[in-house]
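Chemist: Heads up: the sequence shown at position 81 corresponds to 445 in my numbering, and the numbers run straight through without jumps.
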Amino acid sequence: MELLLIRHALPVRREDVEGPADPELSPAGRAQAQHLADYLAAEGLARLYSSPMKRALQTSEPIGVTLGLPIVTHEGVAEYDRHSTWYVPVEELKAAGDPRWKEMLDKKGHDAQDIDPYDFRTVVVAAVEEIIGANSGRKVAVVCHGGVINAYLTHILGIDDPTGFFYPNYTSIHRIAAARSGERSVLTVNETAHLRGTGLPVGIFAG
Numbered sequence: 365m366e367l368l369l370i371r372h373a374l375p376v377r378r379e380d381v382e383g384p385a386d387p388e389l390s391p392a393g394r395a396q397a398q399h400l401a402d403y404l405a406a407e408g409l410a411r412l413y414s415s416p417m418k419r420a421l422q423t424s425e426p427i428g429v430t431l432g433l434p435i436v437t438h439e440g441v442a443e444y445d446r447h448s449t450w451y452v453p454v455e456e457l458k459a460a461g462d463p464r465w466k467e468m469l470d471k472k473g474h475d476a477q478d479i480d481p482y483d484f485r486t487v488v489v490a491a492v493e494e495i496i497g498a499n500s501g502r503k504v505a506v507v508c509h510g511g512v513i514n515a516y517l518t519h520i521l522g523i524d525d526p527t528g529f530f531y532p533n534y535t536s537i538h539r540i541a542a543a544r545s546g547e548r549s550v551l552t553v554n555e556t557a558h559l560r561g562t563g564l565p566v567g568i569f570a571g
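#1: If you follow the beta strand (DSSP E) that Ile537 is part of, which residue opens it and which one closes it?
#2: The beta strand (DSSP E) spanning Asn514 covers which residue range?
#3: For Glu388 and Leu551, what's the separation of their Cα atoms in angstroms?
#4: What's the gap between the Cα of Ile540 and the Cα of Gly393?
#5: Suppose contacts are defined by Cβ-Cβ distances below 8 Å. Is Gly440 in contact with Val376 by that definition?
#6: Using only alpha-carbon positions, find the residue among Ala542, Glu547, Leu517 that is nearest to Phe530.
#7: For Val492, does the count of other Cβ atoms within 10 angstroms reach 16, so buried, or fall short, so exposed?
#8: Start and end of the beta strand (DSSP E) containing Leu551?
#9: So Ser414 and Leu404 are in contact, right, with Cβ under 8 Å, and what is the actual spacing, rounded?
#10: If you drop the 5 nearest sequence neighbours on each side, which residues of the same chain put their C-beta closer than 8 Å to that of Gly572?
#11: In the DSSP output, which residue or residues are listed as bridge partners for Arg378?
#12: Under DSSP, the alpha helix (DSSP H) around Ser424 begins and ends at which residues?
#13: Let me know the secondary structure DSSP gives Leu404 once reduced to three states.
#14: Per DSSP, which one or two residues make a beta bridge with Ile435?
#15: Taking Val506 and Leu368 to be in contact with their CB atoms under 8 Å, please state how far apart those CB atoms are, rounded to whole angstroms.
#16: Give me the Cβ distance between Met365 and Gly510, rounded to the nearest whole Å; I'm assuming they're in contact under 8 Å.
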């Protein structure tokens with residue numbers, strides 16, 4: 365089967381809130397999500413899964429509408445910061461010289477110091493493997509988060525550190541071939557052709 369792990373689109377900034385920040389998509393993020401949906405229209409997806417967090421669900425919505433697929437939420441692909449009381453896109457942190465940018469580089473951002481990254485990876489791997497096991501021979505998409513994508517890719521690539529392998533761009537697609545034998549192969553990483561020429565933000569390393 366072919367698995368598409370997709371990072372959510374650009375969310376709004378949320379700070380100093382009571383309870384989880386859980387931001388929704390920004391106007392640019394909604395436009396990114398529609399371009400993503402149009403790009404996936406010819407993919408032949410059989411199922412669409414999403415993290416239960418707003419930014420992932422709202423990225424999934426136009427995909428579901430365009431492809432005529434229901435959205436299946438899965439708690440196991442929620443981001444590690446799901447209980448954080450703030451969310452600021454990393455581009456804004458970096459541009460402002462916000463000290464939280466360095467904390468994120470040191471792998472302590474979004475209250476991550478309270479979460480064991482290896483425990484988080486164990487949860488993510490179990491969730492993704494459950495999705496794979498339920499979809500033999502199909503092509504499925506999972507709209508999730510940068511931390512989730514890093515966790516699963518470091519697992520299948522045999523990288524010890526699950527927290528900072530690379531930076532997934534907004535609405536980036538990461539394709540994985542999953543064989544019945546248990547073999548997992550990375551086909552593409554950070555695929556964002558659908559955003560080229562749109563003028564929309566892509567991520568921290570591209571505009």
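The C-beta atom is built at its ideal place from N, Cα and C for all residues, glycine as well.
Modeler: Put simply:
#1: Judged by DSSP secondary structure, Ile537 falls within the beta strand (DSSP E) whose first and last residues are 537-542.
#2: From DSSP, Asn514 is part of no beta strand (DSSP E) but of the alpha helix (DSSP H) over 510-521.
#3: 30 Å
#4: 24 Å
#5: Not closer than 8 Å, so no.
#6: Here the closest residue by C-alpha is Leu517.
#7: Classified as buried, Val492 has 16 or more neighbouring CB atoms from the shown chains inside 10 Å of its CB.
#8: Boundaries of the beta strand (DSSP E) harbouring Leu551: 548-555, taken from the DSSP string.
#9: Not confirmed; about 13 Å, so no contact.
#10: Given a span of 365 to 571 for the chain in the structure shown, any question on residue 572 remains unanswerable.
#11: Tyr451
#12: 418-431
#13: helix
#14: Leu412
#15: 7 Å
#16: With 8 Å as the limit, Met365 and Gly510 do not qualify as a contact, their Cβ atoms being about 23 Å apart.
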